[in-house]
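Asks: Taken in sequence, the protein lines are chains R and F. Numbering-wise (the working numbering), the first sequence opens with residue 114 and increments by one. Numbering-wise (the working numbering), the second sequence opens with residue 1407 and increments by one.
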Amino acid sequence: MDWSVVLPYILSGISVGGQYALIAIGYTMVYGILRLINFAHGDVFMVAGLMMIYFSASMPMYYSIPLMIIFTVLLGYAIERAAYKPLRTAPRMSIMISAIGVSYLLENLALYVTGGLNQNYPGIPWISDSITIGGAVTKRVTIITPILTIVLVVALILLLKHTKFGMAMRAVSRDFDTAQLMGIDIDRVISVTFIIGSFLAAIGSLLYFTNYTGVVPTSGAMPGLKAFVAAVFGGIGSIPGAVVGAFIIGICENLIKGLDSVLMVNGITSQQFGFATFSDAFTFVLLIVILILKPTGLFGEKQTDKV
Amino acid sequence: MKRNLKKYLSLGLAAVMAASLITGCGVATANGDTSATAATSSASTAASSDATATSTAASGDAAAATSTAATSGDTVKIGVYEPASGDNGAGGKQEMLGMQYANSKTPTVDIGGKTYNVELVFADNQSSTDKAVSAASTLVSSGVSVVLGSYGSGVSIAAQETFANAGIPAIGVTCTNPQVTEGNTNYFRICFLDPFQGTILANFAVDNFKAKTAYCLAKLGDDYSVGLCNYFQKAFEALGGTVVFETFPEGNSDFTSYITNAKNANADVIFSPVSTEAAALIIEQASSQGVTVPLMAGDTWDSNVITEAATGKNIDIYVTTFYQEGGNKDFDEGLKAYIDGDATALQNNGGNDMIAAVSAMGYDAYYVALEALKNAGSTDPKAVNDALWKTTYDGVSGHIEFDQTNGDAVRDTAYVKKANTETGTWDFVAEQKAK
């Protein structure tokens, strides 16, 4: 078995997994605190990509990147304030519908602004250069992604575990009402959750679109869906779970795409099976299997409802 | 308080829905813009030529004037069934540009001794086979005499039955899959077919690159790319080569693993006639992975989306297409002036005035439709359908006449072009004829 054949697939799997992870954290944090699946999150990711395209067309990178991040954060904050905050006391289903509404609003706005045409993402100096690792040629961003993802996740976990604000966030996620009674400013905690989620989505979008340089209004849908699957896979509400889930999904997906080729190069088979076709189907089968075997996901909290 | 909150809530939700409705239509207006002005101008010419129309039209606004002109019977409607969004939005818009330019050049047609104004009615099929039928139905219910389109074979195949049931003939502009016209008498087409195109491409790969192994990549469930890959595979294997054929699912933007597969297969050429949106990603990822073998594709890749993606990269891209810029000087200059003179047109053409082959085909399709209307001597779709079988026309893309079995254009030439990665334009390589 020639393992060097497998390396490029693992590399791109790790890279795309890191990008899914950054989006998945946004899903999982919002779920942890609000018990809301923020369907608009994938579209925030797409809008971040579009903003980068428009900003970089008129100003240099060292302005456009921070500006893109700031505006994405503002967008996430604005969505929470406009579409979710007024619904805080409403049934959970209403908030969910509102999230779907925001998702369609963003997609259609993007369709209107871009005219539905593919927009080319700008090449970012240094990180979009090609490099060679163990015989596999890839972009530098492939290597940067997992490192940056892990650094950001560690920073986030430190924030949650060792700061007063992190404690407030954990308290809110544990029990909404009691936290409020203890004097925690719920609105502030929720806003910060959305700000962190959008910030990570902005970074994720920067890395993702540097690798896959085309932004269309539906660009956020697939990565958003995969990241959501990753969050559920790892146990929704758990940050390490989301990250591990995202890496597993990214790597498995790419291995499936390359399975035919790996088998053929190693002489195990001379016939094509067409596994590549099933790469997406695999992701969702994995989700179903996990949900059947372990309904709370890999790292999901075992919660017993107290009466 | 609670009451109030609910009120705001429902108001807010209603506003969101209304906003998405507006934005949804916004696209339609953006494309329809030129058509609206065309319709208005044709209405005003109608007013001058027809006394009854003047009296009624004078009081109304543009929309009312259009409808009066339509009922007074001297407007003939041509349906434009094209994608303005989705995977093939860029190509569809360029194809429409050709029609709009032709319409601005020749806004009237003499049918049965009477001068009619031609109104283009647009319907966006969103490059999607499940939106295709409703777009086609819109055209049917707006009373068009003949339909032009679409870019993309899948949507054309999906809408064929709708047009057939309504008895409306359709002229396929650049849909190259044989199934579009097979087994029906109402779908015609003015371009070459995929079996021809696939063979030409396979011959070219073997003759010029001495290719022995080809890697084919198509989009799962897409009639055009899967079909063309099949024809390419057939021709390539007949020439003694081997083919590795893979498909990727809808919404995929990570092609790195597919490109690694191509490298592992030791492919001498990568053949991937997919939509331009996916193509731009494939080109980008292939070049960053250091692919040195040529990329080949069919007519969809003949677009400035591709040249833009390839500019400044070390990659060879070859495509077959219908028309080579410079083929007809008057047309080239006229279309360039038209594109440069209209900001919307310029945006729809991708921001520059490079001429896409599909624009030339759209232009020819418009004139073929006018010829058919003239031959029919009536705006009745049935009469136009019958007349189309005998219609011939010498267009900018060559002589057009239909064979008598499927209504396909008799074509024997395709142009091979190569993307120039320095200037961002297409270089002419060869004119290929069927062997």
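Quick reminder that beta carbons are idealized off the backbone N, C-alpha and C, glycines included. Since the structure is predicted, the reported quantities are computational estimates derived from the model, not experimental observations.
Can L1687 of chain F and G327 of chain R be called in contact, C-beta distance under 7 Å?
Replies: Residue 1687 of chain F sits at position 281 when you count from the first residue of the second sequence. Residue 327 of chain R sits at position 214 when you count from the first residue of the first sequence. Closer than 7 Å, so yes.
Asks: Looking only at C-alpha atoms, which of R:V342, R:D115, R:L411, R:T291 sits nearest to I150 of chain R?
Replies: On the first sequence, residue 150 of chain R is found 37 positions in, with the first residue counted as 1. Nearest of R:V342, R:D115, R:L411, R:T291 to I150 of chain R, Cα basis: R:V342.
Asks: Please tell me whether L124 of chain R and T255 of chain R are closer than 7 Å, where the distance is taken between their beta carbons.
Replies: Residue mapping note: residue 124 of chain R aligns to position 11 of the first sequence, counting from 1. Residue mapping note: residue 255 of chain R aligns to position 142 of the first sequence, counting from 1. A contact, by the Cβ cut-off of 7 Å.
Asks: Since T306 of chain R meets chain F, which of its residues come closer than 7 Å, beta carbon to beta carbon?
Replies: The residue labelled residue 306 of chain R in the question sits at position 193 within the first sequence. Those do not exist, as T306 of chain R stays about 21 Å from chain F at its closest Cβ, beyond 7 Å.
Asks: By Cβ distance, which residues of its chain are closer than 7 Å to A1617 of chain F, with the 5 residues on each side in sequence left out?
Replies: Numbered from its first residue, the second sequence carries residue 1617 of chain F at position 211. Answer for A1617 of chain F: A1611, G1647, D1674, V1675, listed in chain order.
Asks: Answer yes if the segment 344-358 of chain R comes into contact with the segment 1584-1601 of chain F, meaning at least three C-beta pairs across the two stretches below 8 Å, and no otherwise.
Replies: Judged by Cβ distances under 8 Å, the segment 1584-1601 of chain F makes no contact with the segment 344-358 of chain R, as fewer than three pairs qualify.
Asks: Name the one or two DSSP bridge partners that E1525 of chain F has.
Replies: For the purposes of this step, residue 1525 of chain F is identified with residue 119 of the second sequence, where counting begins at 1. E1525 of chain F is bridged to F:K1483.
Asks: Since Y1664 of chain F meets chain R, which of its residues come closer than 8 Å, beta carbon to beta carbon?
Replies: As a working mapping, residue 1664 of chain F is identified with position 258 in the second sequence. Going along chain R in sequence order, the residues near Y1664 of chain F (Cβ under 8 Å) are K370, A389.
Asks: Please state if the CB of V1579 of chain F and the CB of G1485 of chain F are separated by a distance shorter than 7 Å.
Replies: The count along the second sequence starts at 1 and reaches residue 1485 of chain F at position 79. The count along the second sequence starts at 1 and reaches residue 1579 of chain F at position 173. Not in contact: G1485 of chain F and V1579 of chain F (Cβ atoms no closer than 7 Å).
Asks: Is it buried or exposed, D1456 of chain F, if we count other Cβ atoms within 10 angstroms and call 16 or more buried?
Replies: Taking the second sequence and counting its residues from 1, the one referred to as residue 1456 of chain F is at position 50. Residue placement at D1456 of chain F is flagged as unreliable, the pLDDT there being 39, under the threshold of 50; a coordinate-derived value is accordingly withheld.
Asks: Look at the alpha carbon of F312 of chain R and the alpha carbon of L319 of chain R, and state the distance between them as a whole number of angstroms.
Replies: Within the first sequence, numbered from 1, the residue matching residue 312 of chain R stands at position 199. Within the first sequence, numbered from 1, the residue matching residue 319 of chain R stands at position 206. Answer to the nearest angstrom: the Cα atoms are 11 Å apart.
Asks: So, is E1683 of chain F buried or exposed, given that buried needs 16 or more other C-beta atoms within 10 angstroms?
Replies: Within the second sequence, numbered from 1, the residue matching residue 1683 of chain F stands at position 277. When all chains shown are included, E1683 of chain F counts as buried.
Asks: By the 9 Å beta-carbon criterion, what residues does the segment 1640-1664 of chain F contribute toward chain R?
Replies: Within the segment 1640-1664 of chain F, the qualifying residues are V1650, F1651, E1652, T1653, F1654, P1655, E1656, G1657, N1658, S1659, D1660, F1661, T1662, S1663, Y1664.
Asks: Got a sec: is the Cβ-Cβ distance from Y122 of chain R to anything in chain F below 7 Å?
Replies: Residue numbering aside, residue 122 of chain R sits at position 9 when the first sequence is read from its first letter. So, interface residue.
Asks: Which residues bound the alpha helix (DSSP H) around N1509 of chain F?
Replies: Counted from its first residue, the second sequence places residue 1509 of chain F at position 103. From DSSP, the alpha helix (DSSP H) with N1509 of chain F extends over 1495-1511.
Asks: Write down the C-beta distance between D1480 of chain F and N1509 of chain F rounded to the nearest angstrom, noting that I regard them as a contact closer than 8 Å.
Replies: Along the second sequence, one-based indexing puts residue 1480 of chain F at 74. Along the second sequence, one-based indexing puts residue 1509 of chain F at 103. The pair is not a contact, with the Cβ atoms about 16 Å apart (cut-off 8 Å).
Asks: Quick one: complete alpha helix (DSSP H) runs, 4+ long, within the segment 1712-1751 of chain F?
Replies: Segments of the alpha helix (DSSP H) lying fully in the segment 1712-1751 of chain F: 1735-1746.
Asks: Is C1635 of chain F helix, strand or coil by DSSP?
Replies: Working through the second sequence from its first residue, we reach residue 1635 of chain F at position 229. In this structure, C1635 of chain F counts as helix in the three-state DSSP scheme.
Asks: If the criterion is Cβ atoms closer than 7 Å, does the pair V1725 of chain F and K1640 of chain F meet it?
Replies: By 1-based counting over the second sequence, the position of residue 1725 of chain F is 319. By 1-based counting over the second sequence, the position of residue 1640 of chain F is 234. No; because the gap between Cβ atoms is not below 7 Å, this pair is not in contact.
Asks: Do you know offhand how far Y1729 of chain F's Cα is from G1740 of chain F's?
Replies: Along the second sequence, one-based indexing puts residue 1729 of chain F at 323. Along the second sequence, one-based indexing puts residue 1740 of chain F at 334. Distance between the alpha carbons of Y1729 of chain F and G1740 of chain F is about 16 Å.
Asks: To which residues of the same chain is E1777 of chain F closer than 7 Å at the C-beta, ignoring the five residues directly before and after it?
Replies: As a working note, residue 1777 of chain F is residue 371 in the second sequence. If we look at E1777 of chain F and ignore the five residues flanking it on each side, its Cβ neighbours are T1797, Y1799.
Asks: Using only alpha-carbon positions, find the residue among F:P1489, F:A1668, F:V1680 that is nearest to V1699 of chain F.
Replies: Working through the second sequence from its first residue, we reach residue 1699 of chain F at position 293. Selected option, being the one with the closest Cα: F:A1668.
Asks: Answer with yes or no whether the minimum CB distance from S1694 of chain F to chain R is below 7 Å.
Replies: The residue given as residue 1694 of chain F occupies position 288 in the second sequence. Yes, its Cβ sits closer than 7 Å to a Cβ of chain R.
Asks: Pull up the DSSP beta-bridge partners for W239 of chain R, would you.
Replies: Indexing the first sequence from 1 puts residue 239 of chain R at position 126. In DSSP, W239 of chain R forms no bridge with anything.
Asks: G1492 of chain F versus chain R: which residues are under 9 Å apart at the beta carbon?
Replies: Locating residue 1492 of chain F in the second sequence gives position 86, where the first residue counts as 1. Here the neighbours are G229, V329, T331.
Asks: Under the three-state reduction of DSSP, which class applies to F322 of chain R: helix, strand or coil?
Replies: Start at 1 with the first residue of the first sequence, and residue 322 of chain R comes out as number 209. F322 of chain R: helix per DSSP, three-state reduction.
Asks: Does the Cβ of L406 of chain R have 16 or more other Cβ atoms within 10 Å, making it buried, or fewer, making it exposed?
Replies: Position 293 of the first sequence, counted from the first residue, corresponds to residue 406 of chain R. Per the 10 Å Cβ criterion, exposed.
Asks: Quick check on DSSP: helix, strand or coil for W1707 of chain F?
Replies: As a first step, residue 1707 of chain F is located in the second sequence; it is residue number 301 there, counting from the start. Note: W1707 of chain F maps to helix in three-state DSSP.
Asks: So with Cβ pairs under 7 Å, would you call V129 of chain R a contact of chain F?
Replies: Stepping through the first sequence from its first residue, residue 129 of chain R is reached at position 16. So yes, V129 of chain R belongs to the interface.
Asks: Considering only the alpha carbon of each residue, which of F:L1752, F:V1764, F:N1781, F:K1537 lies closest to S1491 of chain F?
Replies: As a working mapping, residue 1491 of chain F is identified with position 85 in the second sequence. Nearest C-alpha to S1491 of chain F: F:K1537.
Asks: Please classify W116 of chain R as buried or exposed, where buried requires at least 16 other C-beta atoms within 10 Å of its C-beta.
Replies: Numbered from 1 along the first sequence, position 3 holds the residue referred to as residue 116 of chain R. Flag for W116 of chain R reads exposed.
Asks: N1670 of chain F versus chain R: which residues are under 7 Å apart at the beta carbon?
Replies: Counting from 1 along the second sequence, the entry for residue 1670 of chain F is found at position 264. Correct list: V118, S374, V378.
Asks: Can a CB atom of chain F be found closer than 7 Å to the CB of T409 of chain R?
Replies: To locate residue 409 of chain R, count along the first sequence from 1; it is residue 296. So no, T409 of chain R is outside the interface.
Asks: Just the Cα atoms here: how many angstroms apart are D1792 of chain F and Y1487 of chain F?
Replies: Numbered from its first residue, the second sequence carries residue 1792 of chain F at position 386. Numbered from its first residue, the second sequence carries residue 1487 of chain F at position 81. Their Cα atoms are separated by approximately 21 Å.
Asks: Flag Y1487 of chain F as yes when its Cβ comes closer than 6 Å to any non-hydrogen atom of the ligand HEM, and as no otherwise.
Replies: Of ligands this structure carries none, so the ligand HEM is not represented either.
Asks: Of the residues that make up the segment 1733-1753 of chain F, which ones have a beta carbon closer than 7 Å to any beta carbon in chain R?
Replies: Under the 7 Å Cβ criterion, the segment 1733-1753 of chain F contributes Q1753.
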